[in-house]
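Working notes for the structure below.
Protein chains: 2
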Amino acid sequence: MGQKLIYIADDEVNILRIISGFLEKEGYAVRTFTDGKALVEAFRQQAADLLVIDIMMPGLDGYAVCTTIRQISSVPIIIVSAKDTEPDRIVGLTLGSDDYLTKPFSPLELVARVKSLFRRIEMDQAPRDLQRPLRVGDIVIDPNTKQVTCRGQDLQFTALEFAVLKYMAANRRRAVSREELLDKVWGFASSVETRATDDTVKRIRKKLRAARARVEVETVWGFGFRITEGDS
Amino acid sequence: MGQKLIYIADDEVNILRIISGFLEKEGYAVRTFTDGKALVEAFRQQAADLLVIDIMMPGLDGYAVCTTIRQISSVPIIIVSAKDTEPDRIVGLTLGSDDYLTKPFSPLELVARVKSLFRRIEMDQAPRDLQRPLRVGDIVIDPNTKQVTCRGQDLQFTALEFAVLKYMAANRRRAVSREELLDKVWGFASSVETRATDDTVKRIRKKLRAARARVEVETVWGFGFRITEGDS
DNA sequence: CCTCTCTGCCGCAATTCTGCCGCAGTTTTG
DNA sequence: CAAAACTGCGGCAGAATTGCGGCAGAGAGG
Numbered sequence: 002m003g004q005k006l007i008y009i010a011d012d013e014v015n016i017l018r019i020i021s022g023f024l025e026k027e028g029y030a031v032r033t034f035t036d037g038k039a040l041v042e043a044f045r046q047q048a049a050d051l052l053v054i055d056i057m058m059p060g061l062d063g064y065a066v067c068t069t070i071r072q073i074s075s076v077p078i079i080i081v082s083a084k085d086t087e088p089d090r091i092v093g094l095t096l097g098s099d100d101y102l103t104k105p106f107s108p109l110e111l112v113a114r115v116k117s118l119f120r121r122i123e124m125d126q127a128p129r130d131l132q133r134p135l136r137v138g139d140i141v142i143d144p145n146t147k148q149v150t151c152r153g154q155d156l157q158f159t160a161l162e163f164a165v166l167k168y169m170a171a172n173r174r175r176a177v178s179r180e181e182l183l184d185k186v187w188g189f190a191s192s193v194e195t196r197a198t199d200d201t202v203k204r205i206r207k208k209l210r211a212a213r214a215r216v217e218v219e220t221v222w223g224f225g226f227r228i229t230e231g232d233s
Numbered sequence: 002m003g004q005k006l007i008y009i010a011d012d013e014v015n016i017l018r019i020i021s022g023f024l025e026k027e028g029y030a031v032r033t034f035t036d037g038k039a040l041v042e043a044f045r046q047q048a049a050d051l052l053v054i055d056i057m058m059p060g061l062d063g064y065a066v067c068t069t070i071r072q073i074s075s076v077p078i079i080i081v082s083a084k085d086t087e088p089d090r091i092v093g094l095t096l097g098s099d100d101y102l103t104k105p106f107s108p109l110e111l112v113a114r115v116k117s118l119f120r121r122i123e124m125d126q127a128p129r130d131l132q133r134p135l136r137v138g139d140i141v142i143d144p145n146t147k148q149v150t151c152r153g154q155d156l157q158f159t160a161l162e163f164a165v166l167k168y169m170a171a172n173r174r175r176a177v178s179r180e181e182l183l184d185k186v187w188g189f190a191s192s193v194e195t196r197a198t199d200d201t202v203k204r205i206r207k208k209l210r211a212a213r214a215r216v217e218v219e220t221v222w223g224f225g226f227r228i229t230e231g232d233s
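Heads up: the protein sequence lines correspond to chains D and W, in order. Quick note on numbering: the first sequence equals residues 2 to 233 in the working numbering. Quick note on numbering: the second sequence equals residues 2 to 233 in the working numbering.
This is the structure:
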């Protein structure tokens, strides 16, 4: 995953400027919003990797934004607020945010917490790559060598094709939606269109077909894909 | 996973008692240590699900514990400390901890942050749990794969047919009116006519018949439909 | 700088889905 | 018994979705 994308919502433009300055200096891509509604709408258009949300905003307040986003995504959320009472913090954390910072806060601390969150997510997802190879039909998906083999023959998958096939294989008992694939394989903030999944699936199918593998990627019409042990 | 195990290290016994009390009340299993070395050794014996570590401790201090643990595990770590300066916080977070709380802190906030961390980990790695398939007669309606199977054979239902059949199966004990179907399956804002339900039911019947399934969609005259285990 | 691979996007054709129509058959009502 | 209301069914066509070849920008490597 390339550059991480962070959305910030705060009605104080000064704060926005300071924070985004620090975050950009760390190499993150930043988009700012002055109210919650704008952030949510932008998120629906393009998901971000992390959100920084102020509690007190005109229109949708931070709590509402948090709740709304949580219904559609597991993106990490940091709430910042001038309200520094225990109940406030607890409510914020309980609603689904990952951190709660009190204004005035040090921009460097925010940066540290952002990094900490990204590190946590990476650590959570890394161990799965060391698992034993997955088998579907007559193909073997080996996370260690990052190779897909069919009856011993290497199928020359690219990194992306491998990741998609692995995700589908790991979830072979259910259909996965295009959005889920984008979320879990491309990463939260891929700016790509939904059809990008079709492209990769297209290429996966082509290679599976060429190898005459007893594995198919079925289309679930209007939803996504499902991997099955084909009959050919 | 069953009960989560939390290790706490702090040289103040009062703190240990208070924190562990709150955490146990939340259903966590807790083990306490009065110095860092003991915690690390216990962790080597049996890994915990989360660590709460004080910075200032005799022997191994919190920073050292954090660094040591991080070399062997990605377990979530919350650092608590009486040192409340910006550099302290940043160092703590940078060394690999997931959170940094300043003493004196509210036990309830600690609990909220513990829960928040566990929630984050679950969101990151829970590949989504499977739903229980519905069985009616000799057919299986699997919401995970979005397939309807009859004695193992896939019946190739479309998304709409699937949704209608699933709804009727979920309410198999009573008849379902056309209006209810439109409301719950099509969605309240649908501008379609009532007869659209008949169309979909028509197609469902056709497929059930073709598969010789022991399931029928009965008509409730002047009202709607009901699913039954047929006698054929 | 050049080359090669990867991967997202475009556009078109093919496929699939689904609401609607009309008619015939069935049930209810008067 | 006749009329009205309702349902089953085949067929149709618009709309949405998907498959696929081709293309080009980005990035890696030499």
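Don't be surprised by glycine CBs; every beta carbon is placed ideally from N, CA and C.
**Prompt:** Taking all protein chains shown into account, do 16 or more other C-beta atoms lie within 10 angstroms of the C-beta of Pro105/W, making it buried, or fewer, making it exposed?
**Reply:** exposed
**Message:** Can you tell me whether Thr68/D is helix, strand or coil according to DSSP?
**Reply:** helix
**Prompt:** What's the C-alpha gap between Lys203/D and Val141/W?
**Reply:** Each residue's Cα considered, the two are about 30 Å apart.
**Check whether Val76/D and Leu52/D have beta carbons under 8 Å apart** = yes
**Prompt:** For Val92/D, which residues from the same chain have a beta carbon less than 6 Å from its beta carbon, with the 5 sequence-adjacent residues on both sides left out?
**Reply:** none
**Request:** Please confirm if the stretch 201–216 of chain D is in contact with the stretch 70–90 of chain W, defined as three or more CB-CB distances below 8 Å between the two stretches.
**Result:** no
**Item:** Interface partners of Ala113/D on chain W, CB under 9 Å
**Value:** Within 9 Å of the CB of Ala113/D, the CB atoms of chain W belong to Arg90, Ile91, Val92, Gly93, Leu94, Thr95 and Tyr101, in sequence order along the chain.
**Neighbourhood of Tyr29/W by C-beta distance below 6 Å, restricted to the same chain and skipping five residues each side** = So the qualifying residues of the chain are Lys5 and Ile7.
**Prompt:** Straight-line CA distance for Asp155/D to Val218/D?
**Reply:** 19 Å
**Asked** Of all Cβ atoms in chain W, is any one closer than 8 Å to the Cβ of Ala43/D?
**Response** no
**Prompt:** Is Ile228/W helix, strand or coil by DSSP?
**Reply:** Annotated three-state conformation of Ile228/W is strand, per DSSP.
**Prompt:** Taking 8 Å as the CB-CB limit, is Ser82/W close to chain D?
**Reply:** no
**Asked** According to the neighbour-count rule (16 or more other Cβ atoms, all chains shown, within 10 Å of its Cβ), is Ala211/D buried or exposed?
**Response** Ala211/D counts as exposed, since fewer than 16 other C-beta atoms from the protein chains shown sit within 10 angstroms of its C-beta.
**Asked** What does Lys1/W reach in chain D if we use C-beta pairs closer than 8 Å?
**Response** The question about residue 1/W has no answer, for chain W in this structure spans 2 to 233.
**Message:** I'd like to know whether the C-beta atoms of Ser117/D and Cys67/D end up nearer to each other than 8 Å.
**Reply:** Not in contact: Ser117/D and Cys67/D (Cβ atoms no closer than 8 Å).
**Partner residues on chain D for Asp125/W, Cβ-Cβ distance less than 7 Å** = Ile122, Asp125 and Gln126
**Prompt:** Helix, strand or coil: how does DSSP classify Gln148/D here?
**Reply:** In the displayed model, Gln148/D falls within a strand according to three-state DSSP.
**Item:** Host beta strand (DSSP E) of Ile140/D (start-end)
**Value:** Ile140 to Asp143
**Message:** Would you call the stretch 36–43 of chain W in contact with the stretch 13–20 of chain W, where contact means no fewer than 3 C-beta pairs closer than 8 Å?
**Reply:** no
**Message:** Below 7 Å on C-beta distance, what does Glu110/W contact in chain D?
**Reply:** Glu87, Arg90 and Ile91
**Message:** So for Ala43/W, helix, strand or coil by DSSP?
**Reply:** In this structure, Ala43/W counts as helix in the three-state DSSP scheme.
**Request:** Note down the Cα distance separating Ser21/W from Gly63/D, rounded to an integer number of angstroms.
**Result:** 31 Å
**Asked** In terms of DSSP beta bridges, what is Tyr8/W paired with?
**Response** Bridge partners of Tyr8/W according to DSSP: Arg32/W and Leu52/W.
**Message:** Restricting to runs no shorter than 4 residues, where is the alpha helix (DSSP H) found entirely within the stretch 93–140 of chain D?
**Reply:** Every unbroken stretch of the alpha helix (DSSP H) spanning 4 or more residues and falling wholly within the stretch 93–140 of chain D is given here in chain order: 108–126.
**Item:** Contacting residues, own chain, Cβ-Cβ under 7 Å from Gly231/W (five flanking each side not counted)
**Value:** Gly138, Arg215, Val216 and Glu217
**Prompt:** If the cut is a Cβ gap below 7 Å, which residues of chain W does Ser178/D touch?
**Reply:** Those do not exist, as Ser178/D stays about 10 Å from chain W at its closest Cβ, beyond 7 Å.
**Request:** Give the DSSP bridge partners of Ile80/D, in chain order.
**Result:** Note: Ile80/D sits in a beta bridge opposite Ile54/D and Tyr101/D.
**Prompt:** alpha helix (DSSP H) containing Val202/D: first to last residue?
**Reply:** Arg196 to Ala211
**Request:** With a floor of 4 residues, list each alpha helix (DSSP H) that falls wholly inside the stretch 159–186 of chain D, ordered by position along the chain.
**Result:** 160–171 and 179–182
**Request:** In angstroms with no decimal places, state the Cα-to-Cα distance between Lys208/W and Phe163/W.
**Result:** So the two alpha carbons sit approximately 11 Å from each other.
**Item:** Whole-angstrom C-beta distance between Val165/W and Phe23/W, which should lie under 8 Å
**Value:** That belief does not hold up - the Cβ atoms of Phe23/W and Val165/W are roughly 49 Å apart, past 8 Å.
**Request:** Using only alpha-carbon positions, find the residue among Thr86/D, Thr95/D and Thr33/D that is nearest to Ala49/D.
**Result:** Thr33/D
**Item:** Per-residue contacts from Thr159/W into chain D (C-beta, under 9 Å)
**Value:** Trp222 and Gly223
**Asked** Does any residue of chain W bring its CB to less than 8 Å from the CB of Arg136/D?
**Response** no
**Prompt:** Among Phe158/D, Thr229/D and Leu182/D, which one has its Cα closest to the Cα of Arg136/D?
**Reply:** Of the candidates Phe158/D, Thr229/D and Leu182/D, Thr229/D places its Cα closest to the Cα of Arg136/D.
**Request:** For Thr220/D, write down the residues that DSSP places opposite it in a beta bridge.
**Result:** Phe226/D
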